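What follows is one structure encoded as structure tokens, with my remarks underneath.
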Amino acid sequence: MQNDAGEFVDLYVPRKCSASNRIIGAKDHASIQINIAEVDKTTGRFSGQYKTYAICGAIRRMGEADDSLLRLAKHDNIVANPPGCLLRMRGAWRAALHSTEGVHVGRNAVKNTCPRPLCFRRLPLH
């Protein structure tokens, strides 16, 4: 709630799930909030801004959190979808968004092999 001056006066303002628009209550301990950095298209560096996504526990329990985050990131043009690049790497792509060096996740190695930023291919381990 806001007062006449436009200041928030409530002690708790609930968040809404970015994927399902459900209200995330205070007792939803399975919910997450992720900040994904926006990258300059020419230099590939962090621009100082980020997009915030909140995912409720119900979406995570259904196993749809990674698909929802990828769909939201594509909608906001954070993740490009050029031909020949595999972006749907269940669970591994989230770790890859934070690193350009490459991340080892389970049996899959994620490495940035495409010249475009945030475009990752699935590579076999050697």
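Here the numbering used here is used: the first residue of the sequence shown is 647, the next is one more, and so on. Ideal Cβ positions, reconstructed from N, Cα and C, are used throughout, including at glycine. Bear in mind that the values here come from a model prediction, so they are computed numbers and not experimental data.
Backbone secondary structure at residue i - three-state DSSP
| i | result |
| --- | --- |
| residue 745 | Model confidence at residue 745 stands at a pLDDT of 45, short of 50, so the residue's coordinates are unreliable; what they give is reported in the following sentence. In this structure, residue 745 counts as coil in the three-state DSSP scheme. |
| residue 724 | coil |
| residue 663 | coil |
| residue 750 | Residue confidence for residue 750 is low, a pLDDT of 41 falling below 50, so the modelled location carries little weight; the figure read from the coordinates is stated next. Three-state result, residue 750: strand. |
C-beta atoms of residue i and residue j nearer than 8 Å
| i | j | result |
| --- | --- | --- |
| residue 701 | residue 714 | yes |
| residue 666 | residue 705 | yes |
| residue 682 | residue 662 | no |
| residue 664 | residue 718 | yes |
Assumed close pair residue i, residue j - CB separation to whole angstroms, cut-off 8 Å
| i | j | result |
| --- | --- | --- |
| residue 674 | residue 703 | 5 Å |
| residue 672 | residue 658 | 6 Å |
Member of the options whose CA lies at the smallest distance from the CA of residue i
| i | options | result |
| --- | --- | --- |
| residue 668 | 716, 699, 717 | 699 |
| residue 686 | 678, 695, 680 | 695 |
| residue 680 | 651, 688, 721, 712 | 712 |
| residue 660 | 720, 678, 688, 684 | 678 |
Bridge-paired residues (DSSP) for residue i
| i | result |
| --- | --- |
| residue 651 | In the DSSP output, where bridge partners are listed per residue, residue 651 has none listed. |
| residue 697 | 682 |
| residue 670 | 661 |
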